[in-house]
Amino acid sequence: MKIPGQPFSSYGQPSTQQRGVARWISANRAVPGNGVSWTPLHDLEGSITPSGLHFERHHNGVPQIPIDRHQLLMHGLVQRALTFSMSDLARYPMRSQILFIECGGNSNAGWHELAQQTRAGFLHGLASCSEWTGVPLTLLLDEAGLDPSATWLIAEGADAAAIQISLPLSKARKDCLVALYQNGERVRPENGYPLRLIVPGWEGVLNVKWLRRLEVAREPVMARDETARYTELLPSGKARMFTFVMDAKSVITSPSPGHELKDKGMYEIAGLAWTGRGRIRAVDVSADGGASWAPAELQAPVLPMAFTRFRIPWRWSGARAVLKSRATDETGYVQPERAALIAERGRRGYFHYNAIVAWEVDEEGQISHVYR
Amino acid sequence: MSTAETAPARRVAALAGAWCCIALAAPPQAPQLGRPASGELIATWNLSVYPDGRGLPPGQGTASQGRSIYRARCASCHGVDGEGGSGGNLAGRGSLKDADPDQTVGNYWPYATTLFDFVRRAMPMDAPATLSSDEIYAVSAYLLYLNQIVGLDDRLDAQSLPRIRMPNRDGFIGIDADLPSRQIGPR
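Protein sequences appear in the order of chains X and D. Everything in the first sequence is counted per the numbering used here, starting at 311 for the first residue and increasing by one. Everything in the second sequence is counted per the numbering used here, starting at -10 for the first residue and increasing by one.
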């Protein structure tokens, strides 16, 4: 470069050549604030999702909340009902943790009869991973003083849907945060500014954005989003409820549909694995549709309830190949094949699809989503 | 010269002392900045409605009153008869064992109180929290009527709504937590 470059910028942005790296928005045609946007996992590397690409699930838009007017109310079965301003909370001891958040509806296209053809992130990108920093919830619960009969916590957001969920108090006391920061800066508006409940490893809907109210209770409130939705209908006609923990999942992000292998030869297969039950123990990769498997290298550090990047070198012969990845978590749980998941759950549950994903590479190096 | 050399040394000593106190204070101590929340504030903010009816406000409505409210405020997304549209399908009593069943208020929702709660907090999406309590009881009644759970002139209020036993009340299995005890809600 023999000419002076651009001046400083007060807040850096990605290269203008990278504008195509974007969330894919899929919203209700009648209500633009009701829908999702998907993280483009197929365009990303490493294990941290840029904050501006973190997936979104909004039930009725992103509220604009003045931080100096926002309060968190804690009430119910407590000795002292309390409110906390955001400046009060900023003085509390904090903890940072790198954690994935995954929507219960992530990967739901997998239940369809035919394999949907789109990018990896637009099938599996209702999952993202950030460093969340906030106040351990147990400090606030202790300050309010819990009634011995309390067993549940009901959380509510300040959005136009006033989203509400119930979670067991034992989880709230174990490792939940009320987060003020995401990836070092204040939580983005679409991720819950100014305050988000973080429930490590558990279904995304529990990680209530724009958190305004916590009610200590002795039973769940049976809100719409824990009864009519976020429950999974089984072939028996019964439905699974309170499916909080996100089971182990993995997906190959490179190569994946939309990428093209130009020549035969060496490639690195890379992907992401995660589990709500702790750490990923192993990821095995197959290039022959699951007939044989080889262990991938896990990028250190392998953190609990966080995205884990895996990699393995692969020589493409130029012949048709089916790539799969299979995660095993530290409890010994193994990500199931699609046929096994469907045999157990049927195809009408919508939520919690975590089967092994298969990408087929054809002789031209084009990649498509297949069920094998 | 001597002050310039000793002052930093003193500062280091002071920091070491402070470090010591921090280490001894673990686990983290909250500064206890929460302010007492008044009963009035809680009453204004608390929207929870439980299956046993706790949290339901005064008011009443019937399906016949709810029909016109539903058609004006709900039908554009959920269909004139609750058959769905850009919003979910709300009516129908098909078997949940069918190959591709609609999951509706009538065949899926376990508690009628949830219906009141969700309409109050989130509906209609273009103007949430604008219906009166009477209107919400009436719309809830109309949806229950469309699902053949109440009659056209059955009155819904804070006493009668939680007594409705929804057809799929026992249709759920708790996975990572137990379902509410059988004492809660109607039997």
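The beta carbon of each residue, even a glycine, is placed where N, CA and C say it ideally should be.
### Message
Just to make sure I have the definition right: I need the residues of chain D whose C-beta is within less than 7 Å of the C-beta of P530/X. Which are they?
### Response
Residue 530/X sits at position 220 when you count from the first residue of the first sequence. Near P530/X (Cβ distances below 7 Å), the residues of chain D are P169.
Would you list, in chain order, the members of the segment 109 to 141 of chain D that have their beta-carbon closer than 8 Å to a beta-carbon of chain X? R110, A111, M114, D115, P117 and A118
- Pick out whichever of A32/D, D89/D and L45/D has its Cα sitting closest to the Cα of P151/D. Here residue 151/D is taken as the residue at index 162 of the second sequence, counted from 1. Measuring from the Cα of P151/D, the nearest candidate turns out to be L45/D.
Determine the DSSP secondary structure at V632/X, reduced to helix, strand or coil. Your numbering for residue 632/X matches position 322 in the first sequence. DSSP places V632/X in strand when its eight states are reduced to three.
Residues near G330/X in its chain [Cβ-Cβ closer than 8 Å; skip 5 each side]: The count along the first sequence starts at 1 and reaches residue 330/X at position 20. Hits under 8 Å: D353.
Just curious, the alpha helix (DSSP H) that P448/X is in, first and last residue? Within the first sequence, residue 448/X is the residue found at index 138, counting from 1. According to the sequence provided, residue 448/X is Thr. The question's Pro does not apply to it. Residues L447 to A454.
* For R109/D, which three-state DSSP category applies? -> As a working mapping, residue 109/D is identified with position 120 in the second sequence. Helix, per DSSP.
- For T638/X, write down the residues that DSSP places opposite it in a beta bridge. The residue labelled residue 638/X in the question sits at position 328 within the first sequence. The partner list for T638/X (beta bridge, DSSP) reads A592/X and V644/X.
Checklist entry - With distances taken from CA atoms, which of Q676/X, H385/X, E640/X and G356/X is nearest A527/X? => result One-based indexing of the first sequence puts residue 527/X at position 217. Of the listed residues, the one whose Cα sits closest to A527/X is H385/X.
Run through DSSP, which three-state label would E607/X get? In the first sequence, the residue the question calls residue 607/X occupies position 297. Reduced to three states, the DSSP call for E607/X is strand.
### Task
Along the beta strand (DSSP E) that carries Q407/X, what are the first and last residues, could you check?
Here residue 407/X corresponds to residue number 97 of the first sequence, with the count starting at 1. Segment R405 to E412, the beta strand (DSSP E) holding Q407/X.
Original post:
Quick one, which residues of the segment 41 to 70 of chain D are near chain B if we go by CB-CB under 8 Å, in chain order?
Top reply: The question asks about chain B, but that chain is absent: this structure's protein chains are X and D.
_Let's test the definition: count the other Cβ atoms within 10 Å of the Cβ of P614/X and tell me whether it reaches 16, buried, or not, exposed._
Here the question's residue 614/X lines up with position 304 in the first sequence. Looking at its Cβ environment, which holds 16 or more other Cβ atoms inside 10 Å, P614/X is buried.
Q. How long is the line joining the alpha carbons of G494/X and N501/X, rounded to whole angstroms?
A. On the first sequence, position 184 is the one that residue 494/X refers to. On the first sequence, position 191 is the one that residue 501/X refers to. Approximately 14 Å, taken between the alpha carbons.
From the beta carbon of D557/X, is the nearest beta carbon of chain D less than 8 Å away?
-> Residue numbering aside, residue 557/X sits at position 247 when the first sequence is read from its first letter. Closer than 8 Å: no.
Discussion item. Tell me the DSSP secondary structure of M384/X in three-state form.
Written reply: For the purposes of this step, residue 384/X is taken as the residue at position 74 of the first sequence. Of the three classes helix, strand and coil, the one that applies to M384/X here is strand, per DSSP.
**OP:** At 9 Å on the CB atoms, spell out the chain D contacts of V341/X, in chain order.
**Re:** Counted from its first residue, the first sequence places residue 341/X at position 31. Within 9 Å Cβ-Cβ: C66, S75, G76, M114 and D115.
- Task: Determine the extent of the beta strand (DSSP E) in which W626/X is found, giving its start and end residues.
- Result: Translated into the one-based positions of the first sequence, residue 626/X becomes position 316. Start and end: T618 to W626.
**OP:** Would you kindly work out how many angstroms separate the C-alpha atoms of P314/X and C63/D, rounded to a whole number?
**Re:** As a first step, residue 314/X is located in the first sequence; it is residue number 4 there, counting from the start. As a first step, residue 63/D is located in the second sequence; it is residue number 74 there, counting from the start. Taking the straight line joining both Cα atoms gives about 60 Å.
**Message:** Considering just the uninterrupted stretch of the alpha helix (DSSP H) at A64/D, what are its terminal residues?
**Reply:** For this step, residue 64/D is matched to residue 75 along the second sequence. Note, A64/D: alpha helix (DSSP H), A64 to H67.
Grab me the residues of I200/D's own chain with a C-beta within less than 8 Å of its C-beta, minus the 5 sequence neighbours each way, in chain order.
-> Because chain D in this structure spans residues -10 to 176, residue 200/D falls outside the shown range and cannot be described.
**OP:** With distances taken Cα to Cα, identify the nearest neighbour of R333/X among A454/X, S320/X and T359/X.
**Re:** Here residue 333/X corresponds to residue number 23 of the first sequence, with the count starting at 1. The shortest Cα separation from R333/X among A454/X, S320/X and T359/X belongs to T359/X.
Identify, in the order they occur along the chain, each residue of the same chain with its Cβ nearer than 7 Å to the Cβ of D485/X, setting aside the five sequence neighbours on each side. Residue mapping note: residue 485/X aligns to position 175 of the first sequence, counting from 1. For D485/X, where only same-chain residues beyond five positions count, the Cβ hits under 7 Å are P510.
Check your understanding: Where does D672/X land, buried or exposed, given buried means 16+ other C-beta within 10 angstroms?
Key -> Within the first sequence, numbered from 1, the residue matching residue 672/X stands at position 362. Exposed, by the Cβ-count rule.
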